[in-house]
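For reference, each letter of the sequence shown is one residue, going 1 to 252 in full-length UniProt numbering. Built from N, CA and C at the ideal position, the CB exists for glycine as well. Fair warning: this is a prediction, and the values are worked out from it, not measured in the lab.
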Amino acid sequence: MGNGYLRFAALGDSTTVGLGDPVPGGGWRGWARLLSEALQASYDVSFCNVAISGATAAVVREQQLAGAVAHRPDLASLLVGVNDTLRSTWDPARLREDLLHVAAELTGAGATLMTVRWHDHGSILGLPRLVVRPITERIEVVNEVYDEVHATFGGLRLDLALMPEVLDRANWSIDRFHPSEVGHRALARAWAERLRAAGFELPLPGATPEGGCPPSWRRDVAWMVAEGAPWVGRRARDLGPWAVRRAVVAMR
Numbered sequence: 001m002g003n004g005y006l007r008f009a010a011l012g013d014s015t016t017v018g019l020g021d022p023v024p025g026g027g028w029r030g031w032a033r034l035l036s037e038a039l040q041a042s043y044d045v046s047f048c049n050v051a052i053s054g055a056t057a058a059v060v061r062e063q064q065l066a067g068a069v070a071h072r073p074d075l076a077s078l079l080v081g082v083n084d085t086l087r088s089t090w091d092p093a094r095l096r097e098d099l100l101h102v103a104a105e106l107t108g109a110g111a112t113l114m115t116v117r118w119h120d121h122g123s124i125l126g127l128p129r130l131v132v133r134p135i136t137e138r139i140e141v142v143n144e145v146y147d148e149v150h151a152t153f154g155g156l157r158l159d160l161a162l163m164p165e166v167l168d169r170a171n172w173s174i175d176r177f178h179p180s181e182v183g184h185r186a187l188a189r190a191w192a193e194r195l196r197a198a199g200f201e202l203p204l205p206g207a208t209p210e211g212g213c214p215p216s217w218r219r220d221v222a223w224m225v226a227e228g229a230p231w232v233g234r235r236a237r238d239l240g241p242w243a244v245r246r247a248v249v250a251m252r
């Protein structure tokens with residue numbers, strides 16, 4: 001399967017935006033763009049990235065879906081749900097409804113879905129289990145919804161918990177929540193392997209950093225001050241009281 005026209009739409013949150021993989025002059029690259037560049041070796045690729053940093057499943061449905069469907073994608077990646085788990089407005093029923101609706105619309109437009117099962121973010125953040133247990137429980141709910149999405153609509157999927165790279169600190173940015181360039185490359189390579197197994201022709205994206213911004217502790221600190229710390233603060237205000245209540249209950 002190759003030498004044709006291929007439309008690829010990427011939907012989701014900051015991971016798909018490419019946070020953690022900066023490019024010279026500003027902006028982000030990320031796994032989805034790396035994958036689209038690899039696909040260009042065999043296809044005339046039209047790449048549409050509608051992901052938004054901080055997006056929840058509802059944001060994907062309300063602000064990204066129409067643009068992605070209008071692109072008439074052959075491939076559509078849907079990586080979202082972690083931000084839902086970090087909000088006090090957590091609503092599993094709404095999450096399920098939104099993800100199933102988005103998946104139905106994308107596959108109805110002819111796209112092959114690309115979805116994930118999320119890893120345990122608590123093991124990466126290095127926080128006490130008492131603190132991260134509520135988030136872990138919510139991630140399990142998100143994964144159950146993705147299981148239903150995959151069972152209903154098929155497509156390709158990636159189980160991040162089975163990737164040994166997830167536990168390697170080099171694959172994470174300074175905030176330990178967004179992939180580094182190395183992490184984005186690992187994601188792109190994992191997706192490329194699944195696409196090749198499905199009959200697509202493409203080389204594996206390189207694993208070694210190249211073409212982006214070289215690692216810099218100054219840039220990492222600047223990013224953490226300008227964006228990372230405010231993000232943590234917003235999530236702490238939003239989720240903190242609920243997490244504390246859950247922790248107190250668990251200690252009784």
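Only counting the same chain, and skipping five residues up and downstream in sequence, which positions put a Cβ closer than 6 Å to that of residue i?
| i | result |
| --- | --- |
| Ala9 | Cys48, Ala68, His71, Pro73, Ala76 |
| Thr112 | Leu75, Gly155 |
| Gly30 | Gly18, Asp21, His184 |
| Asp98 | Ala57, Ala58, Arg61 |
| Asp120 | Thr136 |
Buried or exposed: where does residue i fall if 16 or more other Cβ atoms within 10 Å of its Cβ makes it buried?
| i | result |
| --- | --- |
| Ser180 | buried |
| Asp21 | buried |
| Asp84 | buried |
| Gly199 | exposed |
| Val248 | With a pLDDT of 49 at Val248, under the threshold of 50, the modelled position of that residue is not reliable, and the figure given next carries that caveat. That one is exposed. |
| Leu167 | exposed |
| Ala51 | buried |
| Gly81 | buried |
| Leu162 | exposed |
Take residue i and list the residues in its own chain whose beta-carbon comes closer than 7 Å to its own, dropping the five residues that flank it on each side.
| i | result |
| --- | --- |
| His150 | Thr115, Arg157 |
| Ser14 | Ser53, Gly54, His178 |
| His101 | Arg61 |
Between the C-alpha atoms of residue i and residue j, what's the straight-line distance to the nearest angstrom?
| i | j | result |
| --- | --- | --- |
| Leu106 | Leu6 | 15 Å |
| Leu39 | Val17 | 18 Å |
| Ala57 | Pro24 | 31 Å |
| residue 254 | Arg33 | The structure shown does not extend to residue 254, since the chain is modelled only from 1 through 252, so no value can be given for it. |
| Gly27 | Gly108 | 32 Å |
| Ser46 | Ser36 | 8 Å |
| Arg133 | Ile139 | 10 Å |
| Ile174 | Leu195 | 30 Å |
| Pro205 | Ala192 | 8 Å |
| Leu78 | Gly12 | 6 Å |
| Ala104 | Arg117 | 18 Å |
| Ala66 | Ala170 | 36 Å |
With a CB to CB cut of under 8 Å and the five nearest residues on each side skipped, what residues in its chain are close to residue i?
| i | result |
| --- | --- |
| Ala207 | Val182, Arg185, Ala186, Arg189 |
| Pro209 | Glu181, Val182, Arg185, Pro215 |
Would you list, in sequence order, the uninterrupted alpha helix (DSSP H) runs of no fewer than 4 residues that lie entirely inside the region 89 to 139? Fully enclosed alpha helix (DSSP H) runs of 4 or longer: 92 to 108, 121 to 125.
Inspect the CB distances between the region 137 to 148 and the region 59 to 68 and report whether three or more fall short of 8 Å. Between the region 137 to 148 and the region 59 to 68, the count of Cβ pairs shorter than 8 Å is below three; the stretches do not touch.
Fully enclosed by the region 152 to 222, which alpha helix (DSSP H) runs are 4 residues long or longer? Taking only runs of at least 4 residues, the alpha helix (DSSP H) segments lying wholly in the region 152 to 222 are 181 to 197.
Is it a yes or a no for the region 153 to 168 touching the region 183 to 199, going by three-plus beta-carbon pairs under 8 Å? These segments touch.
Completely contained alpha helix (DSSP H) runs for the region 18 to 95, where each covers 4 or more residues: Assignment of alpha helix (DSSP H) within the region 18 to 95, counting only whole runs of 4 or more residues, yields 31 to 39, 65 to 70, 82 to 85 in chain order.
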